[in-house]
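Chemist:
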Amino acid sequence: MKEFSIDELARYNGKNGVPAYTAYKGRVYDVSASFLWNNGNHQVFHVAGVDLTEAMEQAPHGGDVLERFPVVGTLRTTG
Amino acid sequence: MAKVAREMVERSGVNVDQLLELLVKNAAAELTTYYYYTILRCNLIGLEGEGIKEIAEAARIEDRNHFEALVPRIYELGGKLPEDMKAFHDTSACPPAKLPKDPRDIQAMLKVLVEAERCAVRGYTHICNLTAGKDHRTYDLSLAILNEEVEHESWFSEFLGEGPSGHFMRRGDNSPFVSKFLK
Chain S
4 MKEFSIDELA RYNGKNGVPA YTAYKGRVYD VSASFLWNNG NHQVFHVAGV
54 DLTEAMEQAP HGGDVLERFP VVGTLRTTG
Chain W
35 MAKVAREMVE RSGVNVDQLL ELLVKNAAAE LTTYYYYTIL RCNLIGLEGE
85 GIKEIAEAAR IEDRNHFEAL VPRIYELGGK LPEDMKAFHD TSACPPAKLP
135 KDPRDIQAML KVLVEAERCA VRGYTHICNL TAGKDHRTYD LSLAILNEEV
185 EHESWFSEFL GEGPSGHFMR RGDNSPFVSK FLK
């Protein structure tokens, strides 16, 4: 499975036809198909292409909501 | 716009433009849900469908009332609804509650209904969290809506057999919590 750096993940911001990826607890998910990630934006405060592990703590839902999306890789947290 | 009302919210530390974006998204979710629930309700036929038709109708009307209650607050804070209704639809905070492939499958209908309500519960919980102690009016409104959405979720969850909700269907008028904003 592909390993993404933070910079590589940032390219997948869901804009201009690019897929929308988001990372959570080391896994990278493709959320492009979700109505709630239209154009790489989620509920005003979040954008695709970032690690949302910390932000999930404040979310009105858990990380289990991501389980319905395909995993496209893992996130390398250093380098 | 209620200029001082907006200023008070800004001074409390709330990003009013972000809050407005959220309110518009949730207003879109309410109006689109009202539309999609109309289709769902019309398709609740047969003995099984008839059994949940009235409660689906109560949720439908109350979600429309939520839209009506949100609109003045959006404009009070200096926001507005999008001029294009198609764009408004696509900005919704919740996915469209579309008719399942087999409308005679009541379990599938209930799953659409319960997921729509769950999205709403999360959405208004989030707005309450953002505004508690800061934007008293939006908090009051969002809490009122949240109370009704929790009841909606409970009804459909119970029909799915997930456990008792503690509720009976509405007796009397709709929107027991939100109606004060509609006067």
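These protein sequence lines are chains S and W, in that order.
If you read the first sequence in my numbering, its first letter stands for residue 4, the second for the next number, and so on.
If you read the second sequence in my numbering, its first letter stands for residue 35, the second for the next number, and so on.
Glycine included, every Cβ here is placed at the ideal spot set by N, Cα and C.
Because the structure is a prediction, the values reported are computed rather than measured.
Using the Cβ count rule (16 or more neighbours within 10 Å means buried), how would you classify S188(W)?
Modeler: Under this definition S188(W) is a buried residue.
Chemist: If contact means a Cβ-Cβ distance below 9 Å, which residues of the segment 51-65 of chain S contact chain W?
Modeler: Residues Q61, A62, P63, H64.
Chemist: Taking 9 Å as the threshold (C-beta atoms), are R30(S) and G117(S) in contact?
Modeler: Only positions 4 to 82 of chain S appear in the structure, and residue 117(S) is not among them; the question remains open.
Chemist: Quick check on this structure: which residue in D67(S), I9(S), A36(S) has the alpha carbon closest to the alpha carbon of G1(S)?
Modeler: Residue 1(S) lies beyond the range of chain S shown here (4 to 82); nothing can be said about it.
Chemist: How far does the beta strand (DSSP E) with G85(W) in it reach, from first residue to last?
Modeler: Looking at the DSSP string, G85(W) is not in any beta strand (DSSP E); the run it does join, the alpha helix (DSSP H), is 80-110.
Chemist: Counting only C-beta atoms, is E55(W) closer than 9 Å to chain S at any point?
Modeler: Judged by the 9 Å Cβ criterion, E55(W) is in contact with chain S.
Chemist: Among residues of its own chain, excluding the 5 on either side of F181(W), which ones have a beta-carbon nearer than 7 Å to its beta-carbon?
Modeler: Note on residue identity: the sequence assigns Asn, not Phe, to residue 181(W). So the list reads F211, once near-sequence residues are dropped.
Chemist: To the nearest angstrom, report how far apart L147(W) and A90(W) are at their CA atoms.
Modeler: Computed Cα separation, rounded: 8 Å.
Chemist: Quick one: list the residues of chain S neighbouring A142(W), beta-carbon separation under 7 Å, in chain order.
Modeler: Here the premise fails: no neighbours, minimum Cβ distance about 17 Å.
Chemist: If you count every other CB in all the chains shown that lies within 10 Å of the CB of T66(W), and 16 or more means buried, which is it?
Modeler: Looking at its Cβ environment, which holds 16 or more other Cβ atoms inside 10 Å, T66(W) is buried.
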